[in-house]
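Asks: Below you'll find the structure I mean.
Residue numbers (our numbering), protein chains in the order written: chain A, 3 to 211; chain B, 3 to 211; chain C, 69 to 310; chain D, 69 to 310.
Here you go:
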């Protein structure tokens, strides 16, 4: 089946984010979305560690250790940026002020449950960070993920088997094969990059529309 | 019986406030205390409407309508002052960060209940402001009041008949006749300005020590 | 390009419907968005629920909105002042409803709305009339009362400067309720003395980030900011509303 | 005269006893009060409970405190990072206790402690392992979990500048947990790059008012503030701990 690259997927997500949106991009692949926001479209990026108006990574020599993103990578501040403390930052999330967040996932259920913080492995060291706050806080919670795991299992599932991050919180799932909307009537294929709905149903084992 | 003036009482209270204290002075007579803080003793005044480091009233021509105290009187800001919003300001109170507040009173009970926001009169328009927050918030809640009402009734009572502002919150009562500490064993006369304990017991109708 | 600025106060308050809940910033007159309130009066919306610390001073601003008969209900901590005659008359004649809230609970309930807190336990008001009928709980040996968020459809706030993203800085004690109200309303409208270019506000000093603001209108510099001439807030003699 | 400044980091951390609960500011290395932590290691207090967003990076700062065996228990949101090998080893060998808290609940619980809120209902974590055993409540049709304040005996924070009253300003995203932790501890100790004269900080821009701060120590300017040379925070290649 046709798959699109991670960069193509990031561009696809970026193109769906309207001008003027307040957006949080999760650690990892979602961070890529920032690189593909259309030229001239103003979108305000939020980072959980206390900034709105986050800019791109600094050019050589401009690294400022007091200016990092949620992944602890060096970033810059745009004109119009504002800093605030952690309680205010998470108040923005919890209070529903972010328009969009984009998160990675281990699993997403057909009812929008998200599992992205723990595989539940016995020896794993748990770490949750801001994932649970983002999952329940943004108006639109987009997941960006490969549809299948490396071993070929669907990350879209009837019911998550991994520990949950949030219940019924995901609104849309962007995968390398297709984009799915979570609706009251189940998963709806919003767009496919080549695969048919039947093929997608087959590899996910889910009823899709 | 010997009574001291309101100004003398303000000076008495001021002399009891240690250097470095964070202090909120309530609307009305308590505001006078600021005028009697000993020269050179640094005390940081808090005003509920969002400032620490409040200074005295401005001299002629210096009135700034953006710079007022809780009584909506014009004030100034000292070097070291800081502004903050209302939730932060009342967080300071509720969180127990103020060392002292000085409040007026209609009644104080021998167990430290305070009534200072409403006489419960049928036709009165109620208004509470920050009184309830101050009453429960400061480490030391001092009341500054005449011992007797204009009609000669004691404001120190066994049990408040006016609507309460706070329960068991007052730690000390400064009156024109004497100063009382509220203790687990009842009211203790800390200092008298002339009256004997027997005389004070007589006019208050309370057991005093 | 994001541009939240609007040309005038009339455009700023456009669309506020009858029956709306409107938070209005200010403590007395300090920080009261008088120009927005005047525009709201001209706009005509009525049957409003207003959330403010007070209930109007003198005959201008919030008092004028009340006098115009547009307010059904007011949520505040301190309506009774020496210059609250407009409210006093409405209240005594039963033409306005009042929900009296201790000031700190008012501020924290507004903050809770903006921060997505479902409810919180406050020690303020326990044992008083104002906590009657509310749920109580003892936590670590101390009694608290359960307080719920106060949300609004609109917030009208006054700030010193703003930019096209809606970032705001305030001035002195005029900051008061502006920041928490801006975050607690579906639509937040800010009047500022001056709109400055994006990037002109120090990112360390922005008090209300633009995420909380929908419309910004400049109402012009207040003369006293420069020359000390008094306009609004307290009266010319410096006598205060108590 | 109020003077909260102390001469050096050793004086700043004096008196912290064994068994204390100590909040430490910072998000990763940004805002981590490394000099105060080093002084705490030298001071010798052990059996500590630490509250921090993470659980140490590399071998310095908080990681060094952990490596020195001084920490019995850590409360944090994100211990596992690419450079958290000190914690990882302690945790896997059962030599440290972990309380994992979603980051926003961590921040808000710390804020609640400072603001005198007895407890609050958060929507974060509902339906997850991290809310198991906690009290739940449906408010306005949404489910919340009851969260209690996190208090501390001491808070160690890092700020950009401070004055003798303890007023603090931060820098960039190094602000993070400093302001809420400063308000949540019985004794708050701040390291700053620079102590400035009283009145030198803009009163509109002070982020932590001195009421929340007990001791201030200058640790000197960090070189990179002026010349862009990297010290701490992220590694020299700009690769991040994920």
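Where is the CB? At the ideal position from N, CA and C, for every residue including glycine. Owing to the predicted nature of the structure, the values given are computational and were not obtained by experimental measurement.
Closer than 7 Å by C-beta to residue 107 of chain D: which residues in its own chain qualify, once you throw out the five before and the five after it? Chain order, please.
Replies: Answer for residue 107 of chain D: 77, 78, 80, 81, listed in chain order.
Asks: Pull the bridge partners of residue 205 of chain D from the DSSP assignment, please.
Replies: Bridge partners of residue 205 of chain D: D:212.
Asks: For chain C, check one thing: does any of its Cβ atoms lie closer than 7 Å to the Cβ of residue 216 of chain B?
Replies: With chain B running from 3 to 211 in the structure shown, residue 216 of chain B is simply not present.
Asks: Give me, in chain order, the residues of the same chain whose beta-carbon lies closer than 6 Å to that of residue 33 of chain A; leave out the 5 immediate sequence neighbours on both sides.
Replies: Closer than 6 Å at Cβ, skipping near neighbours: 27.
Asks: Could you tell me which of C:72, C:156, C:266 sits nearest to residue 147 of chain C, measuring between CA atoms?
Replies: Residue 147 of chain C has its Cα closest to that of C:156, out of C:72, C:156, C:266.
Asks: Is the region 95–108 of chain B touching the region 59–71 of chain B in the sense that three or more CB pairs, one from each, lie closer than 8 Å?
Replies: At 8 Å Cβ cutoff, the stretches do not touch.
Asks: Use the C-beta contact count for residue 204 of chain D: other C-beta atoms within 10 angstroms, 16 or more gives buried, fewer gives exposed.
Replies: It counts as exposed.
Asks: On the DSSP letters alone, give me the boundaries of the alpha helix (DSSP H) that residue 226 of chain C sits inside.
Replies: Per DSSP, residue 226 of chain C belongs to no alpha helix (DSSP H); it is in the beta strand (DSSP E), 220–230.
Asks: Starting from the C-beta of residue 309 of chain C, find all residues in its chain whose C-beta is less than 7 Å away, skip the five residues before and the five after it, and write them out in chain order.
Replies: Caution is warranted here: a pLDDT of 32 is assigned to residue 309 of chain C, below 50, making its placement in the model unreliable, and the coordinate value is therefore given only provisionally. These residues qualify, in order along the chain: 96, 125, 149, 150, 151.
Asks: Measure the alpha-carbon distance for residue 164 of chain D versus residue 158 of chain D and round it to whole angstroms.
Replies: Going from the Cα of residue 164 of chain D to the Cα of residue 158 of chain D covers about 6 Å.
Asks: Can you tell me where the alpha helix (DSSP H) holding residue 92 of chain A begins and where it ends?
Replies: Taken as a continuous stretch (DSSP letters only), the alpha helix (DSSP H) holding residue 92 of chain A covers 88–96.
Asks: If distances are taken between C-alpha atoms only, which option among C:120, C:209, C:232 comes closest to residue 70 of chain C?
Replies: The shortest Cα separation from residue 70 of chain C among C:120, C:209, C:232 belongs to C:232.
Asks: Would you say the region 238–248 of chain C touches the region 202–218 of chain C, given that touching needs at least three Cβ pairs under 8 Å?
Replies: Cβ pair count under 8 Å is below three, so no.
Asks: Could you please tell me which residues of the region 164–188 of chain A, in chain order, have their CB closer than 8 Å to any CB of chain C?
Replies: So nothing in the stretch comes that close.
Asks: Starting from the Cα of residue 51 of chain B, find the closest Cα among B:40, B:94, B:42, B:161 and give me that residue.
Replies: Looking at the Cα atoms, B:94 is the closest of the given residues.
Asks: For residue 36 of chain C, decide whether its Cβ has a neighbour in chain B, counting only Cβ atoms nearer than 7 Å.
Replies: Since the displayed chain C opens at 69 and closes at 310, residue 36 of chain C lies outside it and no answer follows.
Asks: Out of curiosity, what's the CA-to-CA distance linking residue 249 of chain D and residue 93 of chain D?
Replies: Straight-line Cα distance between these residues: approximately 7 Å.
Asks: Kindly indicate which residue of C:179, C:180, C:173, C:218 has the alpha-carbon position closest to the one of residue 132 of chain B.
Replies: With distances taken between Cα atoms, residue 132 of chain B lies closest to C:173.
Asks: Indicate whether residue 273 of chain C and residue 97 of chain A have their beta-carbon atoms separated by less than 7 Å.
Replies: No, they are not a contact pair.
Asks: Does the Cβ-Cβ distance between residue 281 of chain D and residue 234 of chain D come in under 7 Å?
Replies: In contact: residue 281 of chain D and residue 234 of chain D (Cβ atoms closer than 7 Å).
Asks: Determine the burial state of residue 305 of chain D: buried for a count of at least 16 other Cβ atoms within 10 Å of its Cβ, exposed for fewer.
Replies: For residue 305 of chain D, the pLDDT reaches just 37, beneath the cut-off of 50, and the residue's location in the model is therefore unreliable, although a value from the coordinates is still provided. Residue 305 of chain D comes out exposed.
Asks: Okay, do the region 167–181 of chain B and the region 192–210 of chain B touch, 3+ Cβ pairs below 8 Å being the bar?
Replies: Touching, per the Cβ criterion.
Asks: Quick check on DSSP: helix, strand or coil for residue 147 of chain C?
Replies: Here residue 147 of chain C sits in coil by DSSP.
Asks: Output needed in chain order: residues of the region 162–179 of chain D with a Cβ under 9 Å from some Cβ in chain A.
Replies: For the region 162–179 of chain D, which is checked against every Cβ of chain A, the residues closer than 9 Å are 166, 168, 169, 170, 171, 172, 173, 174, 175, 176, 178, 179.
Asks: Under 7 Å between C-beta atoms, does residue 306 of chain D make it to chain A?
Replies: Caution is warranted here: a pLDDT of 37 is assigned to residue 306 of chain D, below 50, making its placement in the model unreliable, and no coordinate value can be reported.
Asks: Would you list the one or two residues that DSSP bridges to residue 183 of chain A?
Replies: DSSP, once it has assigned bridges, lists A:174, A:190 as partnering residue 183 of chain A.
Asks: Distance check for residue 18 of chain B and residue 210 of chain B, CA to CA, integer angstroms please.
Replies: One C-alpha to the other measures close to 22 Å.
Asks: Give, in chain order, every unbroken run of the beta strand (DSSP E) that is at least 3 residues long and sits entirely within the region 81–167 of chain D.
Replies: The region 81–167 of chain D contains these whole beta strand (DSSP E) runs: 89–92, 116–119, 139–144.
Asks: Report the rounded CA-to-CA distance for residue 173 of chain A versus residue 67 of chain B, giving the unit in angstroms.
Replies: Residue 173 of chain A and residue 67 of chain B: Cα-Cα distance of roughly 48 Å.
Asks: Taking C-beta pairs closer than 7 Å, name the residues in chain C that residue 191 of chain D reaches, listed in chain order.
Replies: Chain C residues near residue 191 of chain D: 184, 186.
Asks: What does residue 207 of chain D reach in chain C if we use C-beta pairs closer than 7 Å?
Replies: Neighbours of residue 207 of chain D on chain C, chain order: 186, 187.
Asks: For residue 109 of chain A, which beta-bridge partners are listed by DSSP?
Replies: DSSP output for residue 109 of chain A lists A:117 as bridge partner(s).
Asks: Quick check on this structure: which residue in B:6, B:3, B:4, B:11 has the alpha carbon closest to the alpha carbon of residue 144 of chain B?
Replies: Answer by Cα proximity: B:11.
Asks: Need the endpoints of the beta strand (DSSP E) that residue 283 of chain C sits in, please.
Replies: Unbroken beta strand (DSSP E) run through residue 283 of chain C: 283–286.
Asks: Kindly indicate which three-state DSSP category residue 289 of chain C falls into: helix, strand or coil?
Replies: DSSP places residue 289 of chain C in coil when its eight states are reduced to three.
Asks: In chain C, which residues lie with their C-beta within 7 Å of the C-beta of residue 94 of chain A?
Replies: Those within 7 Å of residue 94 of chain A in chain C are 279.
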